[in-house]
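Working notes for the structure below.
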Amino acid sequence: MNESAIATPGVYISEISVLPPSVAQVSTAIPAFIGYTEKAVDEQGNALVGIIPVKIFNLKEYEQRFGKAENEKNITVDVTLTTTPSVSVTAVAKLSAAPNPHNMYYALRLYFDNGGGPCYIVSVKPSSTVGILDTDLEKGIQALEAFDEPTLYVIPEGQVIATMSTYHALMQKAVSQCAKLQDRFTLIDVVNNTAVDTNSNINTFRTTAGLDKDLSYAAAYYPNLKTSYEYQYLENTVKIKLVKNGAAAVNTFLNALLPNESVAYYAARDAIKKTLNPVLPPTPAIAGVIASTDANRGVWKAPANVPLSSVFDVTDFITDAEQATMNIDPGIGKSVNAIRPFNGKGILVWGARTLDGNSSEWKYVSVRRFFIMVEESAKKATVQFVFEPNDANTWTKVRAMIENYLTLLWRQGALAGAKPEHAFFVKCGLGQTMTSQDVLDGKLIVEIGMAAVRPAEFIILRFMHKLQES
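Counting from 6, one number per residue, gives the positions in the sequence shown under my numbering.
Next up, the structure:
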């Protein structure tokens, strides 16, 4: 308070801030979904110009700004109807061609259903576009570089890119950007060829060129997921083959069954709903699991041993022996995380490794992402000391600020050690991290060491037969 401004006698209060500088923890699970959408508009409904990452908070907001799925145009239903002596009906629904490859809307549903929160949408082109091109998706990756908040990259349509090497090259660009910025992580879908077995799919993923650098900044998941969603379609495009009371088949469309053949109509709709469900890549669900785990437990908790919602089956059943080869490959590395059904538990995420499976330091997703969080939080917190005097007072403030932050993390269980000094160290000062020349050059160097907790991936029980004593 400026005392010269006091005009009348009385009691005046002047508050003095004595709180030391502190570290504000950054967000850890803000995915960016890159792909094709039905539309892309701003809050006023005007079309977005160019590729602009947009933050949304729920599925309703996605629908308002980016639309829904493209209508499926290849649905056919064979209906057999008998009306005498009693009414009976059977309906078999199928797709006459491959489903529409644009799955962003379904991917977002899967993300939010599995605990997802705020995220970014990067619409590269309208989903009415025929085909999915790596060049389009690459532009979406490039657009994200200027945005600081996204921490996870998800490209749910990538699996259907023409060749696997091209897909891997695209994912490498996403991973390389994550490594360059050091504040984000990529989730990768292993291409799931249902015509071959698990080992063949994993071996093909590992040996196909294009994805072999900065592997600690990515994690791969397998297999694809059968969801409980219903394809979006127009009734006047659904082809119906109706056989009634043994007469010759009548070819028509679903909407034409009403009002005269309402039994056949509802049987056909029910068959579509029960048997034609989108099969989706796993990473949208994984992004939701990561967001939920970070919020409820912390980024240091492995996003695994968690059941998936809105999923009723997987496209490939993985055995224990097959998963053993997925976890570890002594030659190539490239660990792949399994998604497996378990009796009484549902379909669980059953792996928590980065692609850098042969690394002792960075083989776990939780460890890599924990370090990303701490590094980014500390970097942003120390910006306030730029141009401050490079002396012992500043070094002490920086050291105390980071030590307080790490102590809080240790108390929450993020760091291993019985005491804080066992869990981390922070060094900053002349003779510790800096030389006299460093000080003259304006360099303030901080060194941080942390003992991150690691997941108990293998629970080993030892039993001994104790003989009866006489």
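Where a beta carbon is used, it is the ideal one built from N, C-alpha and C, also for glycine.
Nearest-angstrom beta carbon gap, residue j and residue i [assumed within contact, 8 Å]
i      : j      : result
Pro58  : Tyr125 : 5 Å
Asn76  : Leu100 : Between Leu100 and Asn76 the Cβ distance is about 13 Å, and since that is not below 8 Å, they are no contact.
Val195 : Val341 : 6 Å
Thr257 : Ala223 : In fact, because the Cβ distance is near 49 Å, the residues do not count as touching under 8 Å.
Ile56  : Lys144 : 6 Å
Lys246 : Leu86  : With 8 Å as the limit, Lys246 and Leu86 do not qualify as a contact, their Cβ atoms being about 11 Å apart.
Ile295 : Pro312 : Contact flag wrong, Cβ pair sits at about 14 Å.
Cβ neighbours of residue i in the same chain (closer than 7 Å, five flanking residues each side left out)
i      : result
Glu380 : Gln187
Val347 : At residue 347 the sequence reads Phe, which differs from the Val that was named. Leu353.
Gly447 : Asn395
Leu414 : Leu420
Arg467 : none
Asn105 : Glu75, Glu77
Cβ neighbour criterion (16 or more within 10 Å) applied to residue i
i      : result
Arg374 : buried
Ile18  : exposed
Arg345 : buried
Met378 : buried
Phe318 : Reading off the sequence shown, one finds Asp at residue 318, where the question assumed Phe. By the 10 Å Cβ count, Asp318 comes out exposed.
Glu266 : buried
Val129 : buried
Leu445 : exposed
Met469 : exposed
His107 : buried
Asp361 : buried
Asn119 : buried
Where residue i falls: helix, strand or coil (DSSP)
i      : result
Arg358 : strand
Phe317 : strand
Thr134 : coil
Ile56  : coil
Arg83  : Here residue 83 is Asp; the residue named in the question, Arg, does not match the sequence. Note: Asp83 maps to strand in three-state DSSP.
Thr156 : coil
Ile295 : helix
Pro308 : coil
Leu149 : helix
Met331 : helix
Thr213 : coil
Thr440 : coil
Ile377 : helix
Delimiting residues of the beta strand (DSSP E) encompassing residue i
i      : result
Leu192 : 190–194
Arg345 : 341–347
Ile323 : Per DSSP, Ile323 belongs to no beta strand (DSSP E) and is neither H nor E.
Asn256 : 255–258
Val97  : 93–100
Phe71  : Unbroken run through Phe71 is the alpha helix (DSSP H), 64–71; no beta strand (DSSP E).
Ala225 : 223–227
Tyr41  : 36–42
Glu452 : 451–455
6 Å CB neighbourhood of residue i in its chain, flanking five on each side removed
i      : result
Thr232 : Asn282, Pro283, Leu285, Ser315, Val316
Glu366 : none
Thr13  : none
Tyr227 : Val195, Val341
Delimiting residues of the alpha helix (DSSP H) encompassing residue i
i      : result
Phe488 : Residue 488 cannot be examined here, being either before or after the span of the chain that is shown, 6 to 475.
Leu281 : Taken as a continuous stretch (DSSP letters only), Leu281 belongs to no alpha helix (DSSP H), as it is neither H nor E.
Leu262 : No alpha helix (DSSP H) contains Leu262, which DSSP labels as neither H nor E.
Close Cβ partners of residue i (< 8 Å) along its chain, the five nearest in sequence each way excluded
i      : result
Ser205 : Asn198
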